[in-house]
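Residue numbers (this note's numbering): 1 to 308.
The structure appears below as structure tokens.
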Ligand code: RIB
């Protein structure tokens with residue numbers, strides 16, 4: 001059994017490529033725009049599915065023209081949408097994104113229908129969820145729904161991974177301690193632990209406090225510096241890859257999508273992280289979020305070019 005359940009958000013990404021952010025009251029011409037499918041949950045689901053994973057998605061779409069496109073997008077990648085619900089009278093989630101010439105991004109999110117994904121929706125999908133090898137969560141839905149999913153995983157012996165993004169203060173210690181995997185970036189790790197995290201060494205130290213509190217595996221994504229692991233299997237770092245970055249939006253989601261695909265098949269954390277660092281590096285060489293995620297064939301080609 002290796003099916004993955006992603007319980008999380010979907011968004012319509014409104015991506016504007018900019019030279020700089022306008023000042024207050026200023027109108028500025030921007031060089032480019034793209035409309036894409038995004039949302040941290042959907043991005044992670046699509047990355048895993050593109051690589052060949054079987055994925056069940058729990059999310060909500062709105063009552064607008066974006067909803068059909070989002071559903072069709074999930075289905076294009078073979079994602080199980082039995083539990084993707086439309087919310088009458090509510091907008092779909094949207095994310096205006098601004099990408100600078102140096103590849104870095106700023107994102108606003110409007111949760112829309114995602115805010116209506118409730119604990120009862122998890123109970124309604126219980127039978128399908130029990131057939132999954134892993135439950136994957138982020139923080140673009142209500143936190144009570146996230147906590148309920150953690151409790152569900154615990155009660156049914158299904159491993160749970162939380163990507164605590166976007167960063168949210170005041171997460172329940174009791175629920176965090178029940179996680180199998182926590183996958184923060186450095187700023188999310190700093191917020192959760194209250195420690196300064198500005199180097200791999202300080203990330204190691206902060207991750208150790210989380211493992212001491214009960215989390216089995218903490219994986220910290222470090223951008224260009226790769227990712228580090230602290231947990232039951234010891235401590236190690238997977239170095240980053242040097243690539244020409246064009247758009248870093250959704251790189252963290254690419255990491256998680258690839259990690260969950262490999263881990264759910266082989267249960268080998270180090271090998272899954274090594275693949276995930278490369279997948280995330282490959283994603284930043286393309287534009288957009290899901291559009292920049294390679295399928296298994298294109299990812300193998302990226303590996304061949306790296307080895308050449
Ligand atoms: O992590 C990137 C994602 O964050 C974007 O796709 C956007 O929709 C926001 O959810």
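Cβ coordinates follow ideal geometry from the N, Cα and C atoms, glycine included.
Contact check, residue 161 vs residue 143, beta carbons under 8 Å:
Here residue 161 refers to the residue found at position 161 when the chain shown is read from its first residue. Here residue 143 refers to the residue found at position 143 when the chain shown is read from its first residue. Against a cut-off of 8 Å, the Cβ pair of residue 143 and residue 161 comes out as no contact.
Throw me the rounded Cβ distance for the residue 193 and residue 212 pair, which I believe falls under 8 Å.
Position 193 of the chain shown, counting from 1, holds the residue named residue 193. Position 212 of the chain shown, counting from 1, holds the residue named residue 212. Not a contact, Cβ separation roughly 11 Å.
In the structure shown, what three-state DSSP assignment does residue 34 receive?
Taking the chain shown and counting its residues from 1, the one referred to as residue 34 is at position 34. Residue 34 sits in a strand when the DSSP states are folded into three classes.
Between residue 145 and residue 122, how many whole angstroms is the CB-CB distance? I'm expecting something under 8 Å.
Position 145 of the chain shown, counting from 1, holds the residue named residue 145. Position 122 of the chain shown, counting from 1, holds the residue named residue 122. Rounded, the Cβ-Cβ distance is 7 Å, consistent with contact.
Host alpha helix (DSSP H) of residue 299 (start-end):
Start at 1 with the first residue of the chain shown, and residue 299 comes out as number 299. Taken as a continuous stretch (DSSP letters only), the alpha helix (DSSP H) holding residue 299 covers 296 to 307.
What is the DSSP secondary structure of residue 112, reduced to helix, strand or coil?
Reading the chain shown from its first residue, position 112 is the one you call residue 112. Correct three-state label for residue 112: helix.
Strand pairing of residue 73, partner residues [DSSP]:
Residue 73 sits at position 73 when you count from the first residue of the chain shown. Partner residues in a beta bridge of residue 73, as assigned by DSSP, do not exist.
How would you write the range of the alpha helix (DSSP H) that residue 277 sits in, first residue to last?
Reading the chain shown from its first residue, position 277 is the one you call residue 277. 269 to 284 is the extent of the alpha helix (DSSP H) around residue 277.
Does the contact criterion of 3 or more C-beta pairs under 8 Å hold for the stretch 13 to 22 versus the stretch 225 to 237?
Look at the beta carbons and you see the stretch 13 to 22 not touching the stretch 225 to 237: under three pairs across the two are nearer than 8 Å.
Ignore the nearest five residues each way along the sequence and tell me which others in residue 265's own chain have a CB closer than 6 Å to its CB.
Start at 1 with the first residue of the chain shown, and residue 265 comes out as number 265. Same-chain partners within the cutoff: 2.
Any contact of the stretch 46 to 53 with the stretch 62 to 72, i.e. 3+ C-beta pairs under 8 Å?
The stretch 46 to 53 and the stretch 62 to 72 do not touch, with fewer than 3 CB-CB distances between them shorter than 8 Å.
Going by the CB atoms, is the gap between residue 53 and residue 261 shorter than 8 Å?
Along the chain shown, read from residue 1 onward, the residue named residue 261 stands at position 261. Along the chain shown, read from residue 1 onward, the residue named residue 53 stands at position 53. In this structure, residue 53 lies closer than 8 Å to residue 261 by Cβ.
Rank 300, 41, 302, 305 by C-alpha distance to the C-alpha of residue 313 and give the top, closest one.
It is not possible to answer for residue 313, since the shown part of the chain is limited to 1 through 308.
Does the Cβ-Cβ distance between residue 172 and residue 284 come in under 8 Å?
The residue labelled residue 172 in the question sits at position 172 within the chain shown. The residue labelled residue 284 in the question sits at position 284 within the chain shown. Not in contact: residue 172 and residue 284 (Cβ atoms no closer than 8 Å).
Residue 82 vs residue 61 beta-carbon contact at 8 Å:
Taking the chain shown and counting its residues from 1, the one referred to as residue 82 is at position 82. Taking the chain shown and counting its residues from 1, the one referred to as residue 61 is at position 61. It is not a contact, given that the beta carbons lie outside the stated cut-off.
Residue 90 to residue 63, Cα distance in whole Å?
Position 90 of the chain shown holds residue 90. Position 63 of the chain shown holds residue 63. Approximately 6 Å between the Cα atoms of the pair.
For a test of the three-state rule: what should DSSP assign to residue 224, helix, strand or coil?
If you number the chain shown from 1, residue 224 lands on position 224. Under the three-state reduction of DSSP output, residue 224 falls in the helix class.
State yes or no: is the C-beta of residue 95 nearer than 7 Å to some heavy atom of the ligand RIB?
As a first step, residue 95 is located in the chain shown; it is residue number 95 there, counting from the start. Yes - the ligand RIB has a heavy atom lying nearer than 7 Å to the Cβ of residue 95.
Just curious, the alpha helix (DSSP H) that residue 379 is in, first and last residue?
Given that the chain is displayed from residue 1 to residue 308, the structure contains no residue 379 and the question cannot be resolved.
Looking at the unbroken alpha helix (DSSP H) that takes in residue 96, where does it start and where does it end?
On the chain shown, position 96 is the one that residue 96 refers to. First-last for residue 96: 94 to 100, but that is the beta strand (DSSP E), not the alpha helix (DSSP H).
Which class does residue 20 belong to by DSSP, given the choice of helix, strand or coil?
The residue labelled residue 20 in the question sits at position 20 within the chain shown. In the structure shown, residue 20 sits in coil (DSSP, three-state: anything other than H, G, I, E or B).
Which two residues bound the contiguous alpha helix (DSSP H) that contains residue 266?
Your numbering for residue 266 matches position 266 in the chain shown. Residues 251 to 266.
Using a threshold of 7 Å, is the CB atom of residue 43 nearer than that to any non-hydrogen atom of the ligand RIB?
Along the chain shown, read from residue 1 onward, the residue named residue 43 stands at position 43. Checking the Cβ of residue 43 against the ligand RIB gives yes.
For residue 315, verify whether its CB is less than 7 Å away from any heavy atom of the ligand RIB.
Limits of the chain in this structure are 1 at one end and 308 at the other, which puts residue 315 out of reach.
Have a look at residue 131 and residue 249 and give me their C-alpha separation to the nearest angstrom.
Against the chain shown, residue 131 aligns to sequence position 131. Against the chain shown, residue 249 aligns to sequence position 249. Their backbone Cα atoms lie some 32 Å apart in a straight line.
What residue from 298, 253, 290 has the CA that sits closest to residue 76's CA?
Numbered from 1 along the chain shown, position 76 holds the residue referred to as residue 76. Among 298, 253, 290, the Cα nearest to that of residue 76 belongs to 290.
Mark residue 43 as exposed unless 16 or more other C-beta atoms lie within 10 angstroms of its C-beta, in which case mark it buried.
Translated into positions along the chain shown, residue 43 becomes position 43. Buried is the call here.
Under 7 Å Cβ to Cβ from residue 36, same chain only, skipping five residues before and after it: list those, please.
Along the chain shown, read from residue 1 onward, the residue named residue 36 stands at position 36. Closer than 7 Å at Cβ, skipping near neighbours: 13, 15, 288, 289, 290, 291.
With 16 other CB atoms within 10 Å as the buried threshold, where does residue 302 fall?
The residue given as residue 302 occupies position 302 in the chain shown. Per the 10 Å Cβ criterion, buried.
Express the C-alpha separation of residue 224 and residue 244 in angstroms, rounding to a whole number.
Your numbering for residue 244 matches position 244 in the chain shown. Your numbering for residue 224 matches position 224 in the chain shown. Straight-line Cα distance between these residues: approximately 11 Å.
Reduced DSSP category for residue 106 - H, G, I as helix; E, B as strand; rest coil
For this step, residue 106 is matched to residue 106 along the chain shown. The three-state secondary structure of residue 106, taken from DSSP, is strand.
In whole angstroms, what is the alpha-carbon distance linking residue 180 and residue 298?
As a working note, residue 180 is residue 180 in the chain shown. As a working note, residue 298 is residue 298 in the chain shown. Within the model, the alpha-carbon separation for residue 180 versus residue 298 is close to 30 Å.
Given residue 80 as reference, the closest of 5, 199, 210, 39 once Cα atoms are compared
What you label residue 80 is simply residue 80 of the chain shown in a count that begins at 1. Among 5, 199, 210, 39, the Cα nearest to that of residue 80 is on 5.
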